[in-house]
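For the protein sequence lines, the chains are E and L, in the order given.
Final position of the first sequence in the numbering used here is 341; the numbers increase by one with none missing.
Final position of the second sequence in the numbering used here is 341; the numbers increase by one with none missing.
From the three backbone atoms N, C-alpha and C, an ideal C-beta is built for every residue, glycine too.
Protein chains: 2
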Amino acid sequence: MTPDRPGLSTPRLIGLDWGTTSMRCWLLGDNGRILDTRRLAGGLLDMAAGIDTADPVARARAYEATFLDVCGEWLRAGPDVPALACGMVGSAQGWYEAGYLDVPARLDITGPALARVPVAGGALHLVPGLRVPSDPRRDSAGDVLRGEETQVIGALESIDRPDTEHVLVLPGTHTKWIRIADRKVLSFTTAMTGELYGLVTRHGLLSHTGATPRRDDAAFARGLTAGFSSRERGLAATLFGARALVLDGLLEPAALADYLSGAVIADEVRHLLPQYGGADHIILCGAADLCRRYATALRARGMRTRVVDEDAAAAGLWSIAVGAGLVTAGADAR
Amino acid sequence: MTPDRPGLSTPRLIGLDWGTTSMRCWLLGDNGRILDTRRLAGGLLDMAAGIDTADPVARARAYEATFLDVCGEWLRAGPDVPALACGMVGSAQGWYEAGYLDVPARLDITGPALARVPVAGGALHLVPGLRVPSDPRRDSAGDVLRGEETQVIGALESIDRPDTEHVLVLPGTHTKWIRIADRKVLSFTTAMTGELYGLVTRHGLLSHTGATPRRDDAAFARGLTAGFSSRERGLAATLFGARALVLDGLLEPAALADYLSGAVIADEVRHLLPQYGGADHIILCGAADLCRRYATALRARGMRTRVVDEDAAAAGLWSIAVGAGLVTAGADAR
Numbered sequence: 008m009t010p011d012r013p014g015l016s017t018p019r020l021i022g023l024d025w026g027t028t029s030m031r032c033w034l035l036g037d038n039g040r041i042l043d044t045r046r047l048a049g050g051l052l053d054m055a056a057g058i059d060t061a062d063p064v065a066r067a068r069a070y071e072a073t074f075l076d077v078c079g080e081w082l083r084a085g086p087d088v089p090a091l092a093c094g095m096v097g098s099a100q101g102w103y104e105a106g107y108l109d110v111p112a113r114l115d116i117t118g119p120a121l122a123r124v125p126v127a128g129g130a131l132h133l134v135p136g137l138r139v140p141s142d143p144r145r146d147s148a149g150d151v152l153r154g155e156e157t158q159v160i161g162a163l164e165s166i167d168r169p170d171t172e173h174v175l176v177l178p179g180t181h182t183k184w185i186r187i188a189d190r191k192v193l194s195f196t197t198a199m200t201g202e203l204y205g206l207v208t209r210h211g212l213l214s215h216t217g218a219t220p221r222r223d224d225a226a227f228a229r230g231l232t233a234g235f236s237s238r239e240r241g242l243a244a245t246l247f248g249a250r251a252l253v254l255d256g257l258l259e260p261a262a263l264a265d266y267l268s269g270a271v272i273a274d275e276v277r278h279l280l281p282q283y284g285g286a287d288h289i290i291l292c293g294a295a296d297l298c299r300r301y302a303t304a305l306r307a308r309g310m311r312t313r314v315v316d317e318d319a320a321a322a323g324l325w326s327i328a329v330g331a332g333l334v335t336a337g338a339d340a341r
Numbered sequence: 008m009t010p011d012r013p014g015l016s017t018p019r020l021i022g023l024d025w026g027t028t029s030m031r032c033w034l035l036g037d038n039g040r041i042l043d044t045r046r047l048a049g050g051l052l053d054m055a056a057g058i059d060t061a062d063p064v065a066r067a068r069a070y071e072a073t074f075l076d077v078c079g080e081w082l083r084a085g086p087d088v089p090a091l092a093c094g095m096v097g098s099a100q101g102w103y104e105a106g107y108l109d110v111p112a113r114l115d116i117t118g119p120a121l122a123r124v125p126v127a128g129g130a131l132h133l134v135p136g137l138r139v140p141s142d143p144r145r146d147s148a149g150d151v152l153r154g155e156e157t158q159v160i161g162a163l164e165s166i167d168r169p170d171t172e173h174v175l176v177l178p179g180t181h182t183k184w185i186r187i188a189d190r191k192v193l194s195f196t197t198a199m200t201g202e203l204y205g206l207v208t209r210h211g212l213l214s215h216t217g218a219t220p221r222r223d224d225a226a227f228a229r230g231l232t233a234g235f236s237s238r239e240r241g242l243a244a245t246l247f248g249a250r251a252l253v254l255d256g257l258l259e260p261a262a263l264a265d266y267l268s269g270a271v272i273a274d275e276v277r278h279l280l281p282q283y284g285g286a287d288h289i290i291l292c293g294a295a296d297l298c299r300r301y302a303t304a305l306r307a308r309g310m311r312t313r314v315v316d317e318d319a320a321a322a323g324l325w326s327i328a329v330g331a332g333l334v335t336a337g338a339d340a341r
């Protein structure tokens, strides 16, 4: 055994999930095993601060600097280790536009589908997003996702019978409902529920309570009930109802945020579950707290759920890298 | 005829509509004729800047300073002219809590219902708001309004058969749908549609287009169509659809705001019109541009509309002042 012989801890891939509001990076070894992780709060939105985002050169320089800052140690230790990123970094507002695959889209993304950005003597490969094209004749809006395709690919690694039909919900700023079958994405819908919640609780008039929010599961459950019964009033009226409850002393100001969280999630679920129902259960993939909230909402509508770890993106990146020939499946033979 | 003899231009009442985001003041003469107006952009939200809002003394001092700043000239010219204000200035977060009248509520608000704040050797009278109490047994949220009761009273002055049943819509940050009959408010519902629109277009991720918004009635009409058909997707998904349209080159970034305006208004109308329908027509009272948008949305649903001037608040303040004995109806006999 020589000191140089590759072992279990030999790096094989640098994987990045680089989104609008956060950046998660993994150093992956044989079989996609996670050797190390880095997390940066603030994603593309923070990148845009202080630079002219309309200038592609300034933008590329800013992305490169952040990439080298977060992953530089890994790159120096293994200059030949390939790097693969998914998420909004590959959007028109990101580092380099990685394009979209039209739905229905096969999830075995191959080498030619990846975009390639030269960096640090090597290259960063970018995963394309998925797109439901808008229909100009009917003036009906399509949909887009970027990063979630990789989470779905990763999630399929950890479920039974990945080739059959499944519905996945990926909660977040822009929650995605995704129907897959036979390893193809058949359809998906985005609800900007998390963004509405953030806007109302951070910038809205309802937020002027002076109280520090604290977790209140009972308030969340009451918000769910209000959101499920919002068919008659609509979301804009249901949200205002929280103000009346506070004024009438029936809702603690500190519990307002959890009430509103329940109301917006229930409004989303009551609209989208009928379209994405029919499955035996729904696979949730995302941050633990958000998955818990969606699981509670879905259970209240009689739907079973299964939660997949949000590190699914790391497994997805590994799987794509294998399919694209960036790495060799299993242990590297070098 | 002496120089001191009161004439057509003798001030009889200082009236204020002092809301969350703006302050409008009128100097009214005989019969409530408008002699002069003052308008201050920024209402209660700006008052709260720089003071400890939890300190009622600091708050009262800030309100008094603004009141004297805006109306001081009128007060000095006529120290005995009474002053009457409606709106959020009379809320718990305002100058002084003026209470609420429970719905169903008679619209002939009398003297004892007014709150009284000493100021500048005289007093500012405050109009109470209206309230649908929350129901703690069913955990159903009630509703509140403040300022709109005065606009409704004023609007009744300018319509035929004010004693019969009417539905009024007062568009704004928090749009109110109000059913009245026999000069009583029977029920009302608040939709925070204007606030959602403002949050999404000012602070939301969709707003990061780099384009300067410009009026686009065709985009507004397309947003209406999307909002009316949002039954299947829900508001949070319909709003995200605008992003796909922009990415697909089917919606100009500069027209995004009008598209979103159409989508949120249509979502509100499709929910609340069925509850407030049945009327022959709907009376709109508010800013001209907003009334135009709601009229377009309501017409698309087969509902006729009639627009009442947003200065209805001035007429309402005069009417309340007469009812409360602060002024004498018609020309003052002094």
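Is Ile272 (chain L) near the ligand COA, in the sense that its beta carbon is under 7 Å from a heavy atom of that ligand?
The ligand COA is not among the ligands present in this structure, which contains no ligands whatsoever.
Any idea which residues DSSP pairs Pro125 (chain L) with across the strands?
To locate residue 125 (chain L), count along the second sequence from 1; it is residue 118. As computed with DSSP, Pro125 (chain L) is found in a beta bridge with L:Ala130.
I need the straight-line Cα distance from Glu317 (chain L) to Leu254 (chain L), nearest angstrom please.
Mapped onto the second sequence, residue 317 (chain L) falls at position 310. Mapped onto the second sequence, residue 254 (chain L) falls at position 247. A direct Cα-Cα distance of roughly 39 Å separates Glu317 (chain L) from Leu254 (chain L).
When DSSP labels each residue in this structure, what does Trp81 (chain L) get in the three-state scheme?
By one-based count along the second sequence, residue 81 (chain L) stands at place 74. Helix at Trp81 (chain L).
Could you list the residues in the segment 180-201 of chain E with a C-beta less than 7 Å from some C-beta on chain C, going in chain order?
Of the chains in the structure shown, none is chain C; the protein chains are E and L.
Contact set for Arg250 (chain E): own chain, Cβ-Cβ below 7 Å, skip 5 residues either direction
Mapped onto the first sequence, residue 250 (chain E) falls at position 243. For Arg250 (chain E), where only same-chain residues beyond five positions count, the Cβ hits under 7 Å are Leu213.
Taking C-beta to C-beta, are Leu114 (chain E) and Leu324 (chain E) nearer than 8 Å?
Residue numbering aside, residue 114 (chain E) sits at position 107 when the first sequence is read from its first letter. Residue numbering aside, residue 324 (chain E) sits at position 317 when the first sequence is read from its first letter. With contacts defined as CB atoms closer than 8 Å, Leu114 (chain E) and Leu324 (chain E) fail to qualify as a contacting pair.
Quick test of the definition: if touching needs 3 or more C-beta pairs under 8 Å, does the segment 129-139 of chain L touch the segment 82-92 of chain L?
The way I'd put it, the segment 129-139 of chain L does touch the segment 82-92 of chain L; three or more beta-carbon pairs between them come closer than 8 Å.
Taking the alpha carbon of Glu104 (chain L) as the reference point, which residue from L:Ala261, L:Leu137, L:Ala122 and L:Gly118 has its own alpha carbon closest?
For this step, residue 104 (chain L) is matched to residue 97 along the second sequence. Checked all of L:Ala261, L:Leu137, L:Ala122 and L:Gly118; the closest Cα to Glu104 (chain L) is L:Ala122.
At a CB-CB cut-off below 7 Å, which residues of chain L make contact with Asp255 (chain E)?
Along the first sequence, read from residue 1 onward, the residue named residue 255 (chain E) stands at position 248. Within 7 Å Cβ-Cβ: Pro140, Ser141 and Gly149.
Where DSSP assigns a beta bridge to Val96 (chain L), which residues make up the other side?
For this step, residue 96 (chain L) is matched to residue 89 along the second sequence. Partner(s): none; Val96 (chain L) has no beta bridge.
Within 9 Å of chain L by C-beta, residues of the segment 43-75 of chain E in sequence order:
Of all residues in the segment 43-75 of chain E, Leu52, Ala55, Thr60 and Ala61 have a Cβ within less than 9 Å of some Cβ in chain L.
Report all residues from its chain with a CB closer than 7 Å to the CB of Ala294 (chain L); omit the five preceding and five following residues, and keep chain order.
Here residue 294 (chain L) refers to the residue found at position 287 of the second sequence. If we look at Ala294 (chain L) and ignore the five residues flanking it on each side, its Cβ neighbours are Glu317.
Please decide whether Gln158 (chain L) counts as near chain E, where near means a Cβ-Cβ distance under 8 Å.
Here the question's residue 158 (chain L) lines up with position 151 in the second sequence. Interface residue (Cβ-Cβ distance to chain E less than 8 Å): Gln158 (chain L) is not classified as such.
Opposing strand residues paired with Leu47 (chain E) [DSSP bridges]:
In the first sequence, the residue the question calls residue 47 (chain E) occupies position 40. The secondary-structure analysis by DSSP pairs Leu47 (chain E) across a beta bridge with E:Met30.
Who does Arg113 (chain E) pair with in a DSSP beta bridge?
Residue mapping note: residue 113 (chain E) aligns to position 106 of the first sequence, counting from 1. Arg113 (chain E) is bridged to E:Lys191.
Apart from the five residues just before and just after Ile58 (chain E), which ones in its own chain have a Cβ nearer than 6 Å to its Cβ?
Position 51 of the first sequence, counted from the start, is the residue given in the question as residue 58 (chain E). Cβ-Cβ distances below 6 Å link Ile58 (chain E) to Ala65 and Ala69 in the same chain, with the five nearest sequence neighbours on each side left out; the list follows chain order.
Quick check: what's the CA-CA separation for Lys191 (chain L) versus Glu172 (chain L)?
Residue 191 (chain L) sits at position 184 when you count from the first residue of the second sequence. Residue 172 (chain L) sits at position 165 when you count from the first residue of the second sequence. It is roughly 9 Å from the alpha-carbon of Lys191 (chain L) to the alpha-carbon of Glu172 (chain L).
Just grab the DSSP bridge partners of Gly241 (chain L) for me.
As a working mapping, residue 241 (chain L) is identified with position 234 in the second sequence. Gly241 (chain L) is not bridged to any residue.
To the nearest angstrom, report how far apart Ala120 (chain L) and Leu258 (chain E) are at their CA atoms.
Within the second sequence, residue 120 (chain L) is the residue found at index 113, counting from 1. Within the first sequence, residue 258 (chain E) is the residue found at index 251, counting from 1. Spanning the two alpha carbons is a distance of roughly 27 Å.
Tell me, please, whether the CB atom of Val207 (chain E) is closer than 8 Å to any CB atom in chain L?
Taking the first sequence and counting its residues from 1, one reaches residue 207 (chain E) at position 200. Yes, Val207 (chain E) counts as interfacial toward chain L.
Under 8 Å, Cβ to Cβ, is there at least one residue of chain L near Arg229 (chain E)?
For the purposes of this step, residue 229 (chain E) is identified with residue 222 of the first sequence, where counting begins at 1. Interface residue, yes.
Touch check for the segment 231-241 of chain E and the segment 274-287 of chain E: three-plus C-beta pairs under 8 Å?
Segments in contact, yes.
When you compare each of L:Ala90, L:Ala67 and L:Ala261 to Trp102 (chain L) by their alpha carbons, which one comes out closest?
Position 95 of the second sequence holds residue 102 (chain L). Taking the Cα of Trp102 (chain L) as reference, the smallest distance to any Cα among L:Ala90, L:Ala67 and L:Ala261 is reached at L:Ala67.
Which stretch, first to last residue, makes up the beta strand (DSSP E) that contains His173 (chain E)?
As a position in the first sequence, residue 173 (chain E) is number 166, starting the count at 1. For His173 (chain E), the enclosing beta strand (DSSP E) has its first and last residue at His173 to Leu177.
Using the C-alpha atoms, what's the distance from Gly136 (chain E) back to Pro260 (chain L)?
For the purposes of this step, residue 260 (chain L) is taken as residue 253 along the second sequence, with counting starting at 1. For the purposes of this step, residue 136 (chain E) is taken as residue 129 along the first sequence, with counting starting at 1. Near 21 Å, if we compare the C-alpha coordinates of Gly136 (chain E) and Pro260 (chain L).
Could you check the C-alpha separation between Gly211 (chain L) and Thr200 (chain E) for me, to the nearest Å?
By 1-based counting over the second sequence, the position of residue 211 (chain L) is 204. By 1-based counting over the first sequence, the position of residue 200 (chain E) is 193. Each residue's Cα considered, the two are about 12 Å apart.
DSSP three-state call for Trp325 (chain E): helix, strand or coil?
As a first step, residue 325 (chain E) is located in the first sequence; it is residue number 318 there, counting from the start. Of the three classes helix, strand and coil, the one that applies to Trp325 (chain E) here is helix, per DSSP.
Use the C-beta contact count for Pro178 (chain E): other C-beta atoms within 10 angstroms, 16 or more gives buried, fewer gives exposed.
Position 171 of the first sequence, counted from the first residue, corresponds to residue 178 (chain E). Using a 10 angstroms sphere on the CB of Pro178 (chain E), the tally of other CB atoms reaches 16 or more, which defines it as buried.
How long is the line joining the alpha carbons of Thr28 (chain E) and Gly205 (chain L), rounded to whole angstroms?
Position 21 of the first sequence, counted from the start, is the residue given in the question as residue 28 (chain E). Position 198 of the second sequence, counted from the start, is the residue given in the question as residue 205 (chain L). Answer to the nearest angstrom: the Cα atoms are 21 Å apart.
Is Asp24 (chain L) helix, strand or coil when you go by DSSP?
Here residue 24 (chain L) is taken as the residue at index 17 of the second sequence, counted from 1. In the structure shown, Asp24 (chain L) sits in a strand (DSSP, three-state: E or B).
Show which residues of chain L have a CB atom less than 7 Å away from the CB atom of Thr171 (chain E).
Indexing the first sequence from 1 puts residue 171 (chain E) at position 164. Those within 7 Å of Thr171 (chain E) in chain L number zero; the least Cβ separation is about 25 Å.
Can you tell me whether His181 (chain E) is helix, strand or coil according to DSSP?
Here residue 181 (chain E) is taken as the residue at index 174 of the first sequence, counted from 1. Of the three classes helix, strand and coil, the one that applies to His181 (chain E) here is coil, per DSSP.
According to DSSP, is Thr60 (chain L) part of a helix, a strand, or is it coil?
Numbered from its first residue, the second sequence carries residue 60 (chain L) at position 53. Residue state, collapsed to three classes: coil.
Chain E contact for Asp1 (chain L) (CB, 8 Å cutoff):
With chain L covering 8 to 341 only, the question about residue 1 (chain L) has no answer from this structure.
Could you tell me the alpha carbon to alpha carbon distance between Ala148 (chain E) and Pro220 (chain L), rounded to whole angstroms?
Looking up residue 148 (chain E) in the first sequence gives position 141. Looking up residue 220 (chain L) in the second sequence gives position 213. Going by the C-alpha atoms only, they are around 20 Å apart.
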